[in-house]
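Undergrad:
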Amino acid sequence: MSLQFMITVTLNGLTLAALYFIVASGFSLIFGLMRTVNMAHGSLYMIGAYVGFAVFDSLYASNATAGYAWYAGLLAGVAAAAVAGVVMQVVFLGWMQGQELRQALVTIGLSIIIADQLLAHFGGNPFQFFAPDALFGPTPVPVIGRYSTFRLFQIGLALAVGVGLWLLLNKTRLGIMVRAGVDDRQMLAACGVNVPLIAVATFALGAGLAGLGGVIGATAQPVALGVDVKFLLTSLVVVIVGGMGSIGGTAIGAILIGVAEQWGQALFPTYSVILTFAIMVAVLAVRPQGLLGRTGR
Amino acid sequence: MLRKKLALKTATALAAGLFALAGIGAAAAQDVIRLGSITTLEGPFATGGQDAYRAMEMALEEVDYTIDGKKIEWIRESSNAQADVALARARKLIEQDNVDIIVGPLSGAEGIALRDYSRTLEGKTIVNGSSGAADTTLRDASPNFFRFSTEGTQWMAGLGNHVYNDMKVEHVALVAADYAFPYAQAMGFMLEYCEAGGAVTKLWSPLNTTDFGSIIANIPSDAGAIVLIQGGTDALAFLTQYAEAGGDLPIIGGSITADQTLLSARGPHQRLMEGMLAAGPIADLNEDPMWVEWVAAYRERFPDGFDSPSIHAFNYYTNTKAVLLALDEVDGDLSDGQKAFQEALAKVEFKNPMGANVRLDENRQAISDIFLTRIVDDGGTLRTEAFGKTEGVTQTMGMDREAFLALGAPSRDNPDCPPAN
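Residue numbers (my numbering), protein chains in the order written: chain W, 12 to 308; chain Z, 78 to 498.
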């Protein structure tokens, strides 16, 4: 096994981890504040991808607008997912706060409805975004020669998302309120903070991240019906491994799962799926709260 | 005494009622032929399933839903490409809807499940839809299961020889999904290719793989071509990522790789697809007048359908056509446990829309023609074009049945011809 091969596979793992991190961080954020296990998180990913593509596709058709079609698609995808998230929180989940099982069932129902609606509106053909020229094609990388530019961009974007979230949660007033809400909602409400509004904002942010993941993911890999389940499952595994509600934990979980998936595929393709779950089982057995999760709540 | 009389009366009334019911049932059975069908309107092959029903509708409309004055009542069911779901829907069709004949299913494992179910039935017939697993009819065939479409191994006929002899490629990387249908396709390809002297490096990936980065890194540097036996999104993902990694080996596709789903999806993968070779039972561009006419009829009837009918549409149409021909042969007579009908069905010989002759072997499996195809840019649209044909391909690829069965069932490791080093 050559060094070049090892670096390529590891880079593949890290770039996949970047995508997983972007999607799972939104999931973790929503869970951290609201204790809502949002089973429709994968659907938000799909909404981002489909709506973004609808905008992208119409702009891409004309030469005049093709240059910024991808960026417009990205914005549209993020906005659509965020709006869908707000609607979900305001119409369905907000008033059943605290009833976790009911919320989980409602979000499962929503995910089924959303998948069918997307099928009805957009059809079942798979599609993919084309990265803008600046991000398409290979980039020279030492040792391995060249590597896909877009995949490297994914890592940069995930780092930006991670740092941005950290700054938001630790350095802003909104972040202080979110963190206080995680620890004690009642006390926060008693201090005069409009907790439901904070919840809506958090949901919009988490859903927007899923939408961002949707557009980025749909540029790196094709999207078709069924990816909602895949990304929901991955998000669940990532946050279970990393620790629910912790951004650092989500990053570690994403890296572990992404790298393991790619190395598994390179070394023993048939059984690579098992590796992901083996990691999850091992973490659950040794640290049930996840690698960076907190206990005693 | 009174009680006895009453009991007698009740019994008579009951008997009369039963008799009347039976009479109605018999009358209904004679006037109406109940045709059930199963395809995948849910799950990964939903678009293929939708297209399958378009073609079935065409076949039934051609006879105006009547055979010799008897109305055909069509009851549609849907599955999601899972064997257990297909089986449950088939049971529903037989037990609740009381259908006489089922056409379906679409996917490989479903086919094997329905083959096994058909064996437990009496006086009912199941005719394949588009499922292409070899074992459905090759091993342990059921007397009530008929397949007028060819299957995965047959579809690769002629491709192995072409790649070795005409393209002069001596080592290929096989990138295939890890389940029964690609095994059958790989076997069809490798039987010829390994025999000719070629070597194959196999790279299996689980079904629904979206990131092929590591598979691409594993493609040997001395491989002369890639044989890609993936379908739908998996194939799209591989081709896009291979294009992005700057890959430039010629691509040889399996029979479901170069289908309409992939050809009509836009993206960087199209650069790799032009010129791609494949083999299978259909080609979009085929000069046979039957095909030209059929495609025109399809487009006119379904303006919102595909640009050209998919392989599933073709297979469902062929199988439905066989049912209608056999029904016509026996004047719609399904009495006597469908004995006459099944005999007629086994003997049906006709031309499918590609203009290829179709007949059954002793296991009720189709013997038909297989085409070598090439993807061409037809005025801005990618289409498959037939450039070669192997006539009358049998399920045993022209080999003696015993010798073919002795090769064993296709699997991840069978057959095998790795490169020497």
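In this text, a Cβ means the ideal position worked out from N, Cα and C, and glycines have one as well.
#1: Quick check: the Cα distance between Leu164/Z and Thr202/Z, rounded to an integer number of angstroms?
#2: Would Pro283/Z pass as an interface residue toward chain W - the criterion being a Cβ-Cβ separation below 8 Å?
#3: Hey, which unbroken runs of the beta strand (DSSP E) at 3 residues or more fall wholly within the stretch 423–458 of chain Z?
#4: Which of the three DSSP states is assigned to Pro297/Z in this structure?
#5: Can you list, in chain order, the residues of the stretch 330–359 of chain Z whose Cβ is nearer than 7 Å to any Cβ on chain W?
#6: Specify the secondary structure class of Val48/W as computed by DSSP and reduced to three states.
#7: Of all the options Gly228/W, Thr26/W, Phe32/W, which has the alpha carbon lying nearest to the alpha carbon of Leu368/W?
#8: Candidates Ala218/Z, Ala417/Z, Ile444/Z, Gly352/Z: which alpha carbon is nearest Met244/Z's?
#9: At 8 Å on the CB atoms, spell out the chain Z contacts of Asn136/W, in chain order.
#10: Note down, one range per segment and in chain order, each alpha helix (DSSP H) of at least 4 residues found wholly within the stretch 236–320 of chain Z.
#11: Any chance the CB of Arg376/Z is under 7 Å from a heavy atom of the ligand MG?
#12: For the stretch 299–315 of chain Z, which residues have a beta carbon sitting closer than 8 Å to at least one beta carbon of chain W?
#13: Alpha carbon to alpha carbon, how far is Ala103/Z from Pro492/Z?
#14: Quick one: using the 10 Å Cβ neighbour count with 16 as the cut-off for buried, is Gly43/W buried or exposed?
#15: Report all residues from its chain with a CB closer than 8 Å to the CB of Val238/W; omit the five preceding and five following residues, and keep chain order.
#16: Quick check for students: name the residue ranges of the beta strand (DSSP E) that lie wholly in the stretch 195–219 of chain Z, counting only runs of 3 or more.
#17: Rounded to whole angstroms, what is the Cα-Cα separation between Val435/Z and Val425/Z?
#18: So Phe138/W packs on Ala335/Z, CB below 8 Å; how close in whole Å?
#19: So, helix, strand or coil for Tyr158/W, using DSSP?
#20: Report the residues of the stretch 425–449 of chain Z with a CB closer than 7 Å to any CB of chain W, ordered along the chain.
#21: How many Å lie between Gln110/W and Val34/W at the Cα?
#22: Are the beta-carbon atoms of Phe266/Z and Phe289/Z separated by less than 8 Å?
#23: For Asn157/Z, decide whether its Cβ has a neighbour in chain W, counting only Cβ atoms nearer than 8 Å.
#24: Return the Cβ separation of Leu14/W and Gln273/W in integer angstroms, given the expectation that the two are a contact with Cβ distance under 8 Å.
#25: At 7 Å on the CB atoms, spell out the chain Z contacts of Asn74/W, in chain order.
#26: Taking the beta carbon of Gly237/Z as the centre, do at least 16 other beta carbons fall within 10 Å, making it buried, or is it exposed?
#27: Out of curiosity, what's the CA-to-CA distance linking Phe222/Z and His132/W?
#28: So which residues of chain W does Thr287/Z contact, with C-beta pairs closer than 8 Å?
#29: Distance check for Arg131/Z and Ala123/Z, CA to CA, integer angstroms please.
#30: Span of the beta strand (DSSP E) holding Ile290/W?
#31: If you run the structure through DSSP and keep just helix, strand and coil, what is Leu362/Z?
#32: Check whether chain Z comes within 8 Å of Ala9/W, counting only Cβ atoms and requiring the distance to be less than that.
#33: Since Leu27/W meets chain Z, which of its residues come closer than 7 Å, beta carbon to beta carbon?
#34: Are any of the Cβ atoms in chain Z nearer than 8 Å to that of Ala277/W?
#35: Counting only the same chain and skipping the five closest in sequence on each side, list residues whose C-beta sits under 8 Å from that of Val501/Z.
#36: Whose C-beta lies closer than 7 Å to the C-beta of Gly72/Z among residues of the same chain, with five residues either side of it excluded?
TA: So, from the listed chains and residues:
#1: Here the question's residue 164/Z lines up with position 87 in the second sequence. Here the question's residue 202/Z lines up with position 125 in the second sequence. If I take the Cα positions, the gap works out to 14 Å.
#2: Counting from one through the second sequence, the residue named residue 283/Z turns up at place 206. It does: the Cβ of Pro283/Z has a partner Cβ on chain W nearer than 8 Å.
#3: 434–437, 443–455
#4: As a position in the second sequence, residue 297/Z is number 220, starting the count at 1. Coil.
#5: Thr338, Ser341, Ala342, Gly344, Pro345
#6: Here residue 48/W refers to the residue found at position 37 of the first sequence. Three-state DSSP puts Val48/W in coil, outside helix and strand.
#7: Residue coverage of chain W in this structure runs from 12 to 308, which leaves residue 368/W outside it and unanswerable.
#8: Working through the second sequence from its first residue, we reach residue 244/Z at position 167. Of the candidates Ala218/Z, Ala417/Z, Ile444/Z, Gly352/Z, the one whose C-alpha sits nearest the C-alpha of Met244/Z is Gly352/Z.
#9: Within the first sequence, the letter at position 125 stands for residue 136/W. In chain order: Thr124, Thr338, Ser341, Ala342.
#10: 257–273, 290–294
#11: With respect to small molecules bound, the structure shown includes none, and the ligand MG cannot be examined in it.
#12: Gly309, Thr310, Leu313, Ala314
#13: As a first step, residue 103/Z must be located in the second sequence, where it is residue number 26. As a first step, residue 492/Z must be located in the second sequence, where it is residue number 415. With a pLDDT of only 45 at Ala103/Z, under the threshold of 50, the placement of this residue in the model should not be trusted; the figure read from the coordinates follows. Rounded to the nearest angstrom, the two C-alpha atoms are 52 Å apart.
#14: Within the first sequence, residue 43/W is the residue found at index 32, counting from 1. It is buried - the Cβ of Gly43/W has at least 16 other Cβ atoms within 10 Å.
#15: Taking the first sequence and counting its residues from 1, the one referred to as residue 238/W is at position 227. Gly53, Tyr56, Met57, Ala60, Gly228.
#16: 202–204
#17: Here residue 435/Z refers to the residue found at position 358 when the second sequence is read from its first residue. Here residue 425/Z refers to the residue found at position 348 when the second sequence is read from its first residue. Taking the straight line joining both Cα atoms gives about 8 Å.
#18: Taking the first sequence and counting its residues from 1, the one referred to as residue 138/W is at position 127. Taking the second sequence and counting its residues from 1, the one referred to as residue 335/Z is at position 258. Actually they are not in contact, since the Cβ atoms of Phe138/W and Ala335/Z sit about 18 Å apart, beyond 8 Å.
#19: As a working mapping, residue 158/W is identified with position 147 in the first sequence. The answer is strand: DSSP assigns Tyr158/W an E or B state.
#20: none
#21: Within the first sequence, numbered from 1, the residue matching residue 110/W stands at position 99. Within the first sequence, numbered from 1, the residue matching residue 34/W stands at position 23. One C-alpha to the other measures close to 24 Å.
#22: Here residue 266/Z corresponds to residue number 189 of the second sequence, with the count starting at 1. Here residue 289/Z corresponds to residue number 212 of the second sequence, with the count starting at 1. Their beta carbons are not under 8 Å apart, which means Phe266/Z does not touch Phe289/Z by this criterion.
#23: Here residue 157/Z is taken as the residue at index 80 of the second sequence, counted from 1. So, not an interface residue.
#24: Reading the first sequence from its first residue, position 3 is the one you call residue 14/W. Reading the first sequence from its first residue, position 262 is the one you call residue 273/W. That belief does not hold up - the Cβ atoms of Leu14/W and Gln273/W are roughly 16 Å apart, past 8 Å.
#25: The count along the first sequence starts at 1 and reaches residue 74/W at position 63. By Cβ distance, chain Z contributes nothing, its closest Cβ being about 16 Å from Asn74/W, past 7 Å.
#26: Residue numbering aside, residue 237/Z sits at position 160 when the second sequence is read from its first letter. By the 10 Å Cβ count, Gly237/Z comes out buried.
#27: Residue numbering aside, residue 222/Z sits at position 145 when the second sequence is read from its first letter. Residue numbering aside, residue 132/W sits at position 121 when the first sequence is read from its first letter. Straight-line Cα distance between these residues: approximately 37 Å.
#28: To locate residue 287/Z, count along the second sequence from 1; it is residue 210. Under the 8 Å cutoff, chain W gives Gln232, Pro233, Val238, Lys241.
#29: Here the question's residue 123/Z lines up with position 46 in the second sequence. Here the question's residue 131/Z lines up with position 54 in the second sequence. Cα-Cα distance, rounded: 13 Å.
#30: What you label residue 290/W is simply residue 279 of the first sequence in a count that begins at 1. Per DSSP, Ile290/W belongs to no beta strand (DSSP E); it is in the alpha helix (DSSP H), 283–297.
#31: Mapped onto the second sequence, residue 362/Z falls at position 285. Three-state DSSP puts Leu362/Z in a strand.
#32: Nothing can be reported for residue 9/W: it is not among the residues displayed for chain W, which extend from 12 to 308.
#33: For the purposes of this step, residue 27/W is taken as residue 16 along the first sequence, with counting starting at 1. Near Leu27/W (Cβ distances below 7 Å), the residues of chain Z are Asp288.
#34: Counting from 1 along the first sequence, the entry for residue 277/W is found at position 266. Yes, Ala277/W counts as interfacial toward chain Z.
#35: Because chain Z in this structure spans residues 78 to 498, residue 501/Z falls outside the shown range and cannot be described.
#36: Examination of residue 72/Z is not possible in this model, given that chain Z is present from 78 through 498 alone.
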